[in-house]
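Trainee: Mind looking over this structure? Questions follow.
2 protein chains.
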Amino acid sequence: MKRNLLLTPGPTQIPPEICAALGRPIIHHRTPQFQENLKEAVEGLKQVFQTKNDVYLLTCSGTGAMEASVCNLLSPGDKAITVEGGKFGERWSELCRSYGVEPHVIQVPWGKAVDPAQIKKILDAHKDIKAVFITQSETSTGVTTDVEAAARVVRDTGAVLVVDAISGLGIIDLQMDNWGVDVVVSAGHKGFMLPPGLAFISLSPKAFKLVETCESPRYYFDLRKSKEAMADIDTPFTPAIGIVIALNESLRRMKQEGLPNLFASYARLAKGTREAAKALGLSIFTDESCQSNVLTAIKLPPEVDGNKVVKIMRDTHGISVAGGQDSLKGKIIRIAHMGCVDEYDILTGISCLEKVLLKLGYKFTLGSGVAAAQKVFNT
Amino acid sequence: MKRNLLLTPGPTQIPPEICAALGRPIIHHRTPQFQENLKEAVEGLKQVFQTKNDVYLLTCSGTGAMEASVCNLLSPGDKAITVEGGKFGERWSELCRSYGVEPHVIQVPWGKAVDPAQIKKILDAHKDIKAVFITQSETSTGVTTDVEAAARVVRDTGAVLVVDAISGLGIIDLQMDNWGVDVVVSAGHKGFMLPPGLAFISLSPKAFKLVETCESPRYYFDLRKSKEAMADIDTPFTPAIGIVIALNESLRRMKQEGLPNLFASYARLAKGTREAAKALGLSIFTDESCQSNVLTAIKLPPEVDGNKVVKIMRDTHGISVAGGQDSLKGKIIRIAHMGCVDEYDILTGISCLEKVLLKLGYKFTLGSGVAAAQKVFNT
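Going down the list, the protein sequences come from chains A and B.
Residues 1 to 379 in this note's numbering are what the first sequence spells out, letter by letter.
Residues 1001 to 1379 in this note's numbering are what the second sequence spells out, letter by letter.
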């Protein structure tokens, strides 16, 4: 009777109502019935993206939507800025290079956020830069980028700002239109509580101008096709029908809660998780100035193997958290507070972490982590 | 209490057991649990593809996997052959052009199949052709291409044969290894009875050599990444976890039935549908030499508007068939016998077609279509 609790940064827990929607009989996509669903989904997404621009649905993982923004904006030889402060920032650079664009890379130490002044400096020196690629919530390090500040330095230049908001959208604030963000990319299996397979992208008119002149080859991810289809409330290719229908369940839940309440509740969960870690004598990997409310990266003492912690929590106790990637392998664990995670899930996760730390011989006061989180959740 | 019966060429009906699997709680993909599922899926797919090569899972619609085969095999300026005898054949040409390849196009009248001698003639004249793209079952016209015969003219040349088997795999025979087919592309929402969102691709060693030297830009669809991940029983990007798990349900069903029985049963359904149409005084759009067992394209008399037939069957009676596309709009209807459709579903579809034809004033003997199909199903 093991629990199956996902405190992982994607996929996240799927609420039972959404599971039920996924199990419904299928309908055909070229029907008025499905069009109603698609229309509702796009309207709901626009609210979460905080934009008046259309939001296109792509049947792929988040990376597919990231690629869509590269191959629709940049032609070979174009100039761009990327910020590498973790695995997903690096993905922007890799994507650019795949399309013949050698980016100006801003290297940021893992655990810290980019200083927008660095972006400004490069933009000032290179007026021909077409796009700046950043990561709202860097899942590998638990860092949040100040997207509003980044937009402030990009929006009055010739460049467009492209934000990977895959793991952060609906969890931390991103005001696409108000802040002047040009492209926002997201996916269903994080804040939207869906199974993987559906991604989203929205573009400002300034960004769409680049799409129209872009010379990179693309077909499945060609956003001109998406725009054309959207005019008829359609998708250019067969969409992930089941996930689109389930998306409307998740959008209804999110609307009912309201974005400000959602953001506040994830902030509380994050604070509780951080305080729990500290009470256990552990420290937060991420710099205090940029700790994410999406997930918490906890440093482990040298004598505790993070891979073991993750494995025992999952395989023995049915509670999944993520380990560290690349140079952080074994050194951190990442507890996600995304999607339909509540304070009781966090307490469950922390109490399991305590159980495993105890088993591995780490010295601390049993119950201190849970108590610290409870304190946050009850004040 | 309207029925919701899909006799459409993708998505197809999803059996209740597969719906139930889709509604299960999610598991994380980087776990031994999911790896077991992925391993089982790949082994099962290899049986349906009738190949010893790996089959890669891509999270996208069928078109994404078609694009994967173009952008992994061909570099700009390369030479290829495409066969245009319907919308999906045309898609191969469009995809080639998107990647800087102007194909030798073999034009085939809609409703007829390509003569492999035409492919041979072009291959003989242009020794530098790298790939031949064909469509196993052309969904827009109900035509089946003789893939075995096409493979016979391609396999001893320098070119690779790429087959769009999206709508036909698991329904009509395709012996990838025995026939010497180099690339087979398919998708989950046809013969595999899944919701859209998962596609498959398998490549021969001869084809994979092209992948390694191909210079077209690609990232999400980069099959080198798929191959590398497969070595660790993994996918390069977050897969459509829920659909992969459901795929194993569908593969178990298909295995239990056995491919020869599946092929025979779809052939019987197709024959019953064709005989029903003829008994109603209608003719089959597709040339007799190449009529598909995947779907049946029925010509309507000039006085009957095919769009109306489709609309009334669906909106009034809850039974979905497909209309004609492009120049065939309003002139044909297409009844699919794919996935978990059985003879009673076909009888239901035919009886509904009779009801609607009656309403539209078409003269025929009520019951003659159903009786003709029954006769096929009972001899």
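C-beta atoms are modelled at their ideal positions from N, C-alpha and C, and glycine is treated no differently.
Given the structure is predicted, the values throughout are model-derived calculations rather than measurements.
Assign Glu1249(B) to one of two classes, buried (16 or more other C-beta atoms within 10 Å of its C-beta) or exposed (fewer than that).
Mentor: Taking the second sequence and counting its residues from 1, one reaches residue 1249(B) at position 249. So Glu1249(B) ends up on the buried side.
Trainee: Taking a Cβ distance cut-off of 7 Å, strictly less, list which residues of the stretch 231 to 255 of chain A are near chain B, in chain order.
Mentor: Phe237, Thr238, Pro239, Ala240, Ile241, Gly242, Ile243
Trainee: For Gln1291(B), I'd like the list of residues in its chain whose CB is within less than 8 Å of its CB, leaving aside the five on either flank, ordered along the chain.
Mentor: In the second sequence, counting from the first residue as 1, residue 1291(B) sits at position 291. If we look at Gln1291(B) and ignore the five residues flanking it on each side, its Cβ neighbours are Gly1142, Val1143, Thr1144, Ala1270, Arg1274, Ile1284.
Trainee: For His189(A), return the contacting residues in chain C, with the cut-off set at a CB-CB distance below 7 Å.
Mentor: The structure shown has no chain C; the protein chains it does contain are A and B.
Trainee: When you compare the CB positions of Leu1347(B) and Leu1358(B), do they come within less than 8 Å of one another, or not?
Mentor: To locate residue 1347(B), count along the second sequence from 1; it is residue 347. To locate residue 1358(B), count along the second sequence from 1; it is residue 358. No, the pair does not count as a contact, with Cβ atoms beyond the cut-off.
Trainee: In whole angstroms, what separates the C-alpha of Leu1360(B) from that of Asn53(A)?
Mentor: For the purposes of this step, residue 1360(B) is taken as the residue at position 360 of the second sequence. For the purposes of this step, residue 53(A) is taken as the residue at position 53 of the first sequence. Distance between the alpha carbons of Leu1360(B) and Asn53(A): 43 Å.
Trainee: With a CB to CB cut of under 7 Å and the five nearest residues on each side skipped, what residues in its chain are close to Ser1075(B)?
Mentor: Position 75 of the second sequence, counted from the first residue, corresponds to residue 1075(B). Within the same chain, Ser1075(B) has close Cβ partners Cys1214, Glu1215, Ser1216.
Trainee: Using DSSP with H/G/I as helix, E/B as strand and the rest coil, what is Tyr56(A)?
Mentor: Position 56 of the first sequence holds residue 56(A). Looking at Tyr56(A) - three-state DSSP - the assignment turns out to be strand.
Trainee: From Pro109(A) to Gly85(A), what does the alpha carbon distance come to, in whole angstroms?
Mentor: Here the question's residue 109(A) lines up with position 109 in the first sequence. Here the question's residue 85(A) lines up with position 85 in the first sequence. Those two C-alpha atoms are separated by around 6 Å.
Trainee: Determine the direct distance from the alpha carbon of Met1001(B) to that of Ala1372(B), and round the result to whole angstroms.
Mentor: Looking up residue 1372(B) in the second sequence gives position 372. Looking up residue 1001(B) in the second sequence gives position 1. If you take the alpha carbons of Ala1372(B) and Met1001(B), they lie about 28 Å apart.
Trainee: Can you pull out the residues from the stretch 1088 to 1106 of chain B whose beta carbon lies closer than 8 Å to at least one beta carbon of chain A?
Mentor: Within the stretch 1088 to 1106 of chain B, the qualifying residues are Glu1094, Leu1095, Ser1098, Tyr1099, Gly1100.
Trainee: Measuring only the C-alpha atoms, how far is Gln256(A) from Gly180(A)?
Mentor: For the purposes of this step, residue 256(A) is identified with residue 256 of the first sequence, where counting begins at 1. For the purposes of this step, residue 180(A) is identified with residue 180 of the first sequence, where counting begins at 1. Looking at the two C-alpha atoms, the distance is approximately 26 Å.
Trainee: Am I right that Arg1003(B) and Gly1318(B) are in contact with their C-beta atoms under 8 Å? What's the rounded C-beta distance?
Mentor: Against the second sequence, residue 1003(B) aligns to sequence position 3. Against the second sequence, residue 1318(B) aligns to sequence position 318. Confirmed, about 4 Å.
Trainee: Return the first residue and the last residue of the beta strand (DSSP E) that Phe1285(B) is part of.
Mentor: By 1-based counting over the second sequence, the position of residue 1285(B) is 285. Looking at the DSSP string, Phe1285(B) is not in any beta strand (DSSP E), and its letter there is neither H nor E.
Trainee: If you run the structure through DSSP and keep just helix, strand and coil, what is Lys112(A)?
Mentor: Here residue 112(A) refers to the residue found at position 112 when the first sequence is read from its first residue. Looking at Lys112(A) - three-state DSSP - the assignment turns out to be coil, as it is neither helix nor strand.
Trainee: Starting from the beta carbon of Ala1449(B), find every residue of chain A whose beta carbon is closer than 7 Å, and list them in chain order.
Mentor: The shown model of chain B, from 1001 to 1379, leaves out residue 1449(B), and the question about it has no answer.
Trainee: Can you give me the Cβ contacts of Phe377(A) inside the same chain, cut-off strictly under 7 Å, excluding the 5 residues immediately before and after it?
Mentor: In the first sequence, the residue the question calls residue 377(A) occupies position 377. For Phe377(A), where only same-chain residues beyond five positions count, the Cβ hits under 7 Å are Arg268, Gly272, Glu343.
Trainee: With Asp177(A) as the anchor, note down where its alpha helix (DSSP H) starts and where it stops.
Mentor: Here the question's residue 177(A) lines up with position 177 in the first sequence. Asp177(A) -> alpha helix (DSSP H) spans 176 to 179.
Trainee: Entirely within the stretch 1203 to 1285 of chain B and at least 4 residues each: give me those alpha helix (DSSP H) ranges in chain order.
Mentor: 1205 to 1213, 1223 to 1231, 1241 to 1257, 1259 to 1279
Trainee: From Pro1161(B) to Glu212(A), what distance separates their C-alpha atoms?
Mentor: Taking the first residue of the second sequence as position 1, residue 1161(B) is located at position 161. Taking the first residue of the first sequence as position 1, residue 212(A) is located at position 212. According to the sequence displayed, residue 1161(B) carries Leu and not Pro. Answer to the nearest angstrom: the Cα atoms are 34 Å apart.
Trainee: Following the continuous alpha helix (DSSP H) through Thr296(A), name the residue where it begins and the one where it ends.
Mentor: Within the first sequence, the letter at position 296 stands for residue 296(A). Element bounds for Thr296(A): not the alpha helix (DSSP H) but the beta strand (DSSP E), 295 to 299.
Trainee: Can you pull the chain B residues whose beta carbon is under 8 Å from the beta carbon of Thr405(A), in chain order?
Mentor: The displayed coordinates of chain A run from 1 to 379. Any statement about residue 405(A) would go beyond what the structure contains.
Trainee: Comparing the C-beta of Leu1006(B) with each C-beta of chain A, is any distance below 8 Å?
Mentor: Looking up residue 1006(B) in the second sequence gives position 6. It does: the Cβ of Leu1006(B) has a partner Cβ on chain A nearer than 8 Å.
Trainee: Give the interface partners of Thr1145(B) over in chain A, defined as CB-CB distance under 9 Å, in chain order.
Mentor: For the purposes of this step, residue 1145(B) is identified with residue 145 of the second sequence, where counting begins at 1. Simply none; closest approach about 21 Å.
Trainee: With H, G and I counted as helix, E and B as strand and the rest as coil, what does DSSP make of Val183(A)?
Mentor: Here residue 183(A) refers to the residue found at position 183 when the first sequence is read from its first residue. If DSSP states are grouped into helix, strand and coil, Val183(A) belongs with the strands.
Trainee: Say whether the stretch 1125 to 1134 of chain B touches the stretch 1300 to 1319 of chain B, bearing in mind that this needs 3 or more beta-carbon pairs closer than 8 Å, one atom from each stretch.
Mentor: no
Trainee: In three-state DSSP terms, what is Ser1351(B)?
Mentor: Mapped onto the second sequence, residue 1351(B) falls at position 351. The answer is helix: DSSP assigns Ser1351(B) an H, G or I state.
Trainee: Can you name, in chain order, every residue of its own chain whose Cβ lies under 8 Å from the Cβ of Leu174(A), other than the five neighbours on each side?
Mentor: As a first step, residue 174(A) must be located in the first sequence, where it is residue number 174. Closer than 8 Å at Cβ, skipping near neighbours: Phe49, Gln50, Gln136, Val147, Val163, Ala165, Gly168, Val181, Val184.
Trainee: Note the first and the last residue of the continuous alpha helix (DSSP H) segment covering Asp164(A).
Mentor: One-based indexing of the first sequence puts residue 164(A) at position 164. It is not in any alpha helix (DSSP H) - Asp164(A) instead sits in the beta strand (DSSP E) that spans 160 to 164.
Trainee: Output, in sequence order along the chain, the residues in the stretch 1171 to 1187 of chain B whose CB is closer than 9 Å to any CB in chain A.
Mentor: Taking 9 Å as the Cβ-Cβ cut-off against chain A, the residues of the stretch 1171 to 1187 of chain B that qualify are Ala1187.
Trainee: Identify the contact partners of Thr31(A) in chain B, using a Cβ-Cβ distance below 8 Å as the criterion.
Mentor: For the purposes of this step, residue 31(A) is taken as the residue at position 31 of the first sequence. By Cβ distance, chain B contributes Arg1314, Ser1320.
Trainee: By how many angstroms is the C-alpha of Gln118(A) removed from the C-alpha of Met338(A)?
Mentor: Counted from its first residue, the first sequence places residue 338(A) at position 338. Counted from its first residue, the first sequence places residue 118(A) at position 118. If I take the Cα positions, the gap works out to 30 Å.
Trainee: What is the C-beta distance between Thr1059(B) and Pro1239(B), in whole angstroms, given that I count them as a contact (C-beta under 8 Å)?
Mentor: The sequence position of residue 1059(B) within the second sequence is 59, counting from 1. The sequence position of residue 1239(B) within the second sequence is 239, counting from 1. Contact flag correct, Cβ pair sits at about 5 Å.
Trainee: Can we say the stretch 15 to 33 of chain A touches the stretch 1016 to 1027 of chain B, given the rule of at least three CB pairs closer than 8 Å?
Mentor: The stretch 15 to 33 of chain A is in contact with the stretch 1016 to 1027 of chain B.
Trainee: I want to verify the contact list: residues of chain A whose CB lies under 8 Å from the CB of Arg1218(B), in sequence order.
Mentor: Counting from one through the second sequence, the residue named residue 1218(B) turns up at place 218. In chain order: Ser98.
Trainee: Ignoring anything shorter than 3 residues, give me the beta strand (DSSP E) runs that lie fully in the stretch 70 to 111 of chain A, in order along the chain.
Mentor: The stretch 70 to 111 of chain A contains these whole beta strand (DSSP E) runs: 79 to 84, 104 to 107.
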